[in-house]
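K.L.:
Residue numbers (our numbering), protein chains in the order written: chain A, 1 to 378; chain B, 1 to 329.
1. Would you kindly work out how many angstroms separate the C-alpha atoms of residue 124 of chain A and residue 47 of chain A, rounded to a whole number?
2. Ordered along the chain, which non-local residues of its own chain (more than five positions away) have a Cβ less than 8 Å from that of residue 239 of chain B?
3. Closer than 8 Å, CB to CB, is residue 369 of chain A near chain B or not?
4. On the three-pair Cβ rule with 8 Å, is the stretch 165-177 of chain A touching the stretch 125-132 of chain A?
5. When you compare each of A:190, A:78, A:67, A:366 to residue 113 of chain A by their alpha carbons, which one comes out closest?
6. Count the CB pairs spanning the stretch 325-333 of chain A and the stretch 255-274 of chain A that are closer than 8 Å, and state whether there are at least three.
7. When the Cα atoms are used, what is the spatial distance from residue 235 of chain B to residue 360 of chain A?
8. Under a three-way DSSP split, which group does residue 111 of chain B fall into?
9. Could you please give me the residues that DSSP links to residue 33 of chain B through a beta bridge?
10. How would you list, in chain order, the residues of chain A whose beta-carbon sits under 7 Å from the beta-carbon of residue 250 of chain B?
11. Which residues share a DSSP beta bridge with residue 119 of chain B?
12. Could you give the DSSP three-state label for residue 146 of chain A: helix, strand or coil?
13. If you draw a straight line from the alpha carbon of residue 130 of chain A to that of residue 176 of chain A, how long is it in whole angstroms?
14. Assuming residue 45 of chain B and residue 248 of chain B make a contact with CB atoms under 8 Å, what is their CB distance in whole Å?
15. Select from A:213, A:35, A:212 the residue whose C-alpha is nearest the C-alpha of residue 339 of chain A.
16. Return the Cβ separation of residue 123 of chain B and residue 83 of chain B in integer angstroms, given the expectation that the two are a contact with Cβ distance under 8 Å.
17. From this set, A:31, A:350, A:348, A:94, which residue's C-alpha is nearest residue 244 of chain A's C-alpha?
18. Rounded to whole angstroms, what is the Cα-Cα separation between residue 62 of chain A and residue 16 of chain A?
19. Does residue 235 of chain A come within less than 8 Å of chain B when only Cβ atoms are used?
20. So, for residue 101 of chain A: in the same chain, excluding its five sequence neighbours on each side, which residues have a beta-carbon less than 8 Å away from its beta-carbon?
21. Cβ of residue 164 of chain A less than 8 Å from any chain B Cβ?
22. Using a Cβ cut-off of 9 Å, pull out every chain B residue sitting near residue 79 of chain A, in sequence order please.
23. Measure from the C-beta of residue 19 of chain A to each C-beta in chain B and report whether the shortest distance is under 8 Å.
24. Distance cutoff 8 Å, beta carbons only. Does residue 300 of chain B sit that close to anything in chain A?
25. Could you spell out the range, first to last residue, of the alpha helix (DSSP H) harbouring residue 316 of chain B?
26. Any beta carbon from chain B within less than 8 Å of residue 362 of chain A's own beta carbon?
27. Let me know if residue 4 of chain B comes out buried or exposed under the rule of 16 or more other beta-carbons within 10 Å of its beta-carbon.
28. With 8 Å as the threshold, decide whether the Cβ of residue 133 of chain B is near any Cβ in chain A.
29. Can you tell me whether residue 320 of chain B is buried or exposed, with buried defined as 16 or more other CB within 10 angstroms of its CB?
30. Which residues, in order along the stretch 248-272 of chain A, keep a beta-carbon less than 7 Å from a beta-carbon of chain B?
31. What does residue 240 of chain B reach in chain A if we use C-beta pairs closer than 7 Å?
32. Counting only C-beta atoms, is residue 62 of chain B closer than 8 Å to chain A at any point?
33. With a threshold of 8 Å between beta carbons, is residue 352 of chain A in contact with chain B?
34. Excluding the 5 residues flanking residue 74 of chain A on each side, which residues of the same chain have their C-beta closer than 8 Å to its C-beta?
35. Going by Cα to Cα distance, which pick from A:358, A:162, A:274 is closest to residue 204 of chain A?
36. Considering only the alpha carbon of each residue, which of B:50, B:79, B:144, B:51 lies closest to residue 63 of chain B?
Structure, rendered in structure tokens:
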């Protein structure tokens, strides 16, 4: 493995990584790559994760004690930015671990120590499993049971909308260990490869298996796989939102810059859509600079409150505006051209922006009541 | 500037801006403004303009900002307090001063009354070369009339002039285009900051009203339909203010263009949602709301309204094929 220098700034890191990407022959397989389907994409992009891990780039910004190389956590944000600049797709695994691992570092450091290297290297993948058929926006009403059994617990119930669940080996899952409401919940790390677990992919409107249902019938969770304390599940989930709503937005603005640039490159873009394009770009700039501040605060280990819902609201505005502008720019090619299948898939998935990770309505209610101090509904 | 210093500055500026009389520069002088600027000009100016928006102050801050910027770019201190004539279109690329070789014909707008004999800077349509800057002493062959318009309180004035060549000095040869662009850049992010100040005020006042106004036995602010309007608008204002801050620090014309587009759109959205929250009372003359609405429209138009700017941003992206990232980590 190459020994990386320590970098003075995220910008210095980005510059070096950029040079590395241009020079490394292994990475040619990932530039401008568009998968035939979601599963082959996940498999192919594991190769990217291996190179970036083995050469150290993906280990910078994570603590040394769990397999990282230390340094400013913002270099992780710089890595995503640089990959997008080189038109390299971000593996879904990176998205997931950027949300889950910061939570482990605080609430289950022993799990971070054990699993971070294999997650970063793409040797295994995890999926988040919170939602249930009857618990979407109203997450605290979830019913998956967690019953004590020997040196652990047995899980019984059903999870849904677990992103990339059918490609994951483990799942970070929220279950009911106690009474009703927020207080009875516990977060665990569950091995999916065991009896009592059945994972079924759900085909999304773009034709790809974006998420899964997970059926649990007595699946076992050992005692040391708890994230946070027993009954602390809600608090840990709320802690996770800082990354799910904040850091996520930074990742996405990189993608939006990339997609707008690719559209303009294609020679098919219609200047008649300039107003929509200008609006989309401006919304992306707002998302970028707002989430840059959030990434900076997270790097300083500040605890963020309900204001992270603003990051998500800006993401929703930008994501919808960007894909609306791309569709306008491309004219009939957007609907008819068979070469644009992958792009159309991303467009269709963008319609979920006001739904995933807490709906637009939930975020607006949080901003109204907990940031602006408006009265709660009786 | 740290948070406490900013808060103190905000309070002092609110006091200064709420007083009447005398040019703003004199009133700011008493505050030790030069030292504040020397410490952190982008942050100080941002607070100044935001506070100006929030308090609906009529003091002319944009005029001195434009002339100061031109004077600095050209290295011409005598122009620091000059009056800058804006095009009648209010768009910095649609100039309305023309020179036919013998006479300079001007139809523009100024933000305060030029003092007789003092220099006036005129951006003149320079054809293919872009823009030239003419300087002429105020008062010769001038007609200066107050603009009523949608916001008479702002004190804009319409200037018409027909100046003979003998009274015109051309300045900043080779640097005129950059000087005018630099002024438009500063003006754009400053106006964007002012629009953010207005938008924040308008939303917070509507939030307060919705907390007090009882219908169906409960405050209307407890209805999600009302909450969601104001929360959505608030997020847009926060996003715009982040770009304004970057534009102020970077002095990049592109960032200022984007900041002005975002702030104009966010301020209009804030007004729309606040007005709906107020219901009928918001349509009265007595209520403060219409004064903020009027101010929003004029400030949005100054140096380019958001619809025009969004289109310009899109056309420039098309022309260059580049999608630049504003600000780095």
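All C-beta atoms in this analysis are idealised placements derived from N, C-alpha and C, irrespective of residue type, glycine included. None of the values given here were measured: they were computed from a predicted structure.
P.N.:
Per the coordinate set shown:
1. Mapped onto the first chain, residue 124 of chain A falls at position 124. Mapped onto the first chain, residue 47 of chain A falls at position 47. Those two C-alpha atoms are separated by around 12 Å.
2. Within the second chain, residue 239 of chain B is the residue found at index 239, counting from 1. Only residues of its own chain outside the window of five on either side were considered, and among them 262, 266 have a CB closer than 8 Å to the CB of residue 239 of chain B, listed in chain order.
3. For the purposes of this step, residue 369 of chain A is identified with residue 369 of the first chain, where counting begins at 1. Cβ-Cβ to chain B under 8 Å: yes for residue 369 of chain A.
4. Yes, since at least three Cβ pairs between the stretch 165-177 of chain A and the stretch 125-132 of chain A fall closer than 8 Å, the two stretches touch.
5. By one-based count along the first chain, residue 113 of chain A stands at place 113. The candidate whose alpha carbon is nearest that of residue 113 of chain A is A:67.
6. yes
7. Here residue 235 of chain B corresponds to residue number 235 of the second chain, with the count starting at 1. Here residue 360 of chain A corresponds to residue number 360 of the first chain, with the count starting at 1. Taking the straight line joining both Cα atoms gives about 12 Å.
8. Start at 1 with the first residue of the second chain, and residue 111 of chain B comes out as number 111. Of the three classes helix, strand and coil, the one that applies to residue 111 of chain B here is coil, per DSSP.
9. Taking the first residue of the second chain as position 1, residue 33 of chain B is located at position 33. In DSSP, residue 33 of chain B forms no bridge with anything.
10. On the second chain, residue 250 of chain B is found 250 positions in, with the first residue counted as 1. Within 7 Å Cβ-Cβ: nothing; residue 250 of chain B doesn't reach chain A, min ~11 Å.
11. Here the question's residue 119 of chain B lines up with position 119 in the second chain. According to DSSP, residue 119 of chain B bridges with B:137.
12. Along the first chain, one-based indexing puts residue 146 of chain A at 146. DSSP places residue 146 of chain A in the strand class (E or B) of the three-state scheme.
13. For the purposes of this step, residue 130 of chain A is identified with residue 130 of the first chain, where counting begins at 1. For the purposes of this step, residue 176 of chain A is identified with residue 176 of the first chain, where counting begins at 1. Answer to the nearest angstrom: the Cα atoms are 11 Å apart.
14. As a position in the second chain, residue 45 of chain B is number 45, starting the count at 1. As a position in the second chain, residue 248 of chain B is number 248, starting the count at 1. Between residue 248 of chain B and residue 45 of chain B the Cβ distance is about 7 Å, and since that is below 8 Å, they are a contact.
15. Counting from one through the first chain, the residue named residue 339 of chain A turns up at place 339. It is A:35 whose Cα lies nearest to the Cα of residue 339 of chain A.
16. Your numbering for residue 123 of chain B matches position 123 in the second chain. Your numbering for residue 83 of chain B matches position 83 in the second chain. That belief does not hold up - the Cβ atoms of residue 123 of chain B and residue 83 of chain B are roughly 12 Å apart, past 8 Å.
17. Taking the first residue of the first chain as position 1, residue 244 of chain A is located at position 244. Closest by alpha carbon: A:94.
18. One-based indexing of the first chain puts residue 62 of chain A at position 62. One-based indexing of the first chain puts residue 16 of chain A at position 16. Taking the straight line joining both Cα atoms gives about 18 Å.
19. Indexing the first chain from 1 puts residue 235 of chain A at position 235. Under the Cβ criterion of 8 Å, residue 235 of chain A is not counted among the residues facing chain B.
20. The residue you call residue 101 of chain A lines up with position 101 of the first chain. The answer, listed in chain order, is 62, 112, 116, 119.
21. Your numbering for residue 164 of chain A matches position 164 in the first chain. No, its Cβ sits nowhere closer than 8 Å to a Cβ of chain B.
22. Your numbering for residue 79 of chain A matches position 79 in the first chain. Chain B residues near residue 79 of chain A: none, gap ~11 Å exceeds 9 Å.
23. For the purposes of this step, residue 19 of chain A is taken as the residue at position 19 of the first chain. No - not a single Cβ of chain B is within 8 Å of the one on residue 19 of chain A.
24. Reading the second chain from its first residue, position 300 is the one you call residue 300 of chain B. Judged by the 8 Å Cβ criterion, residue 300 of chain B is not in contact with chain A.
25. Counting from 1 along the second chain, the entry for residue 316 of chain B is found at position 316. Residue 316 of chain B -> alpha helix (DSSP H) spans 306-320.
26. Start at 1 with the first residue of the first chain, and residue 362 of chain A comes out as number 362. Chain B contact via Cβ: absent.
27. Here the question's residue 4 of chain B lines up with position 4 in the second chain. By the neighbour-count rule (16 or more Cβ atoms within 10 Å), residue 4 of chain B is not buried but exposed.
28. The sequence position of residue 133 of chain B within the second chain is 133, counting from 1. Between residue 133 of chain B and chain A, the shortest Cβ-Cβ separation is not below 8 Å.
29. Working through the second chain from its first residue, we reach residue 320 of chain B at position 320. With fewer than 16 other beta carbons inside 10 angstroms of its own, residue 320 of chain B counts as exposed.
30. 257, 260, 261, 264, 265, 269, 271
31. Within the second chain, the letter at position 240 stands for residue 240 of chain B. 286, listed in chain order.
32. Working through the second chain from its first residue, we reach residue 62 of chain B at position 62. Judged by the 8 Å Cβ criterion, residue 62 of chain B is not in contact with chain A.
33. Looking up residue 352 of chain A in the first chain gives position 352. Cβ-Cβ to chain B under 8 Å: no for residue 352 of chain A.
34. Here residue 74 of chain A refers to the residue found at position 74 when the first chain is read from its first residue. So the qualifying residues of the chain are 10, 61, 295, 296, 299.
35. The count along the first chain starts at 1 and reaches residue 204 of chain A at position 204. Of A:358, A:162, A:274, the residue nearest in Cα terms is A:162.
36. Taking the first residue of the second chain as position 1, residue 63 of chain B is located at position 63. When only C-alpha atoms are compared, the closest one is B:79.
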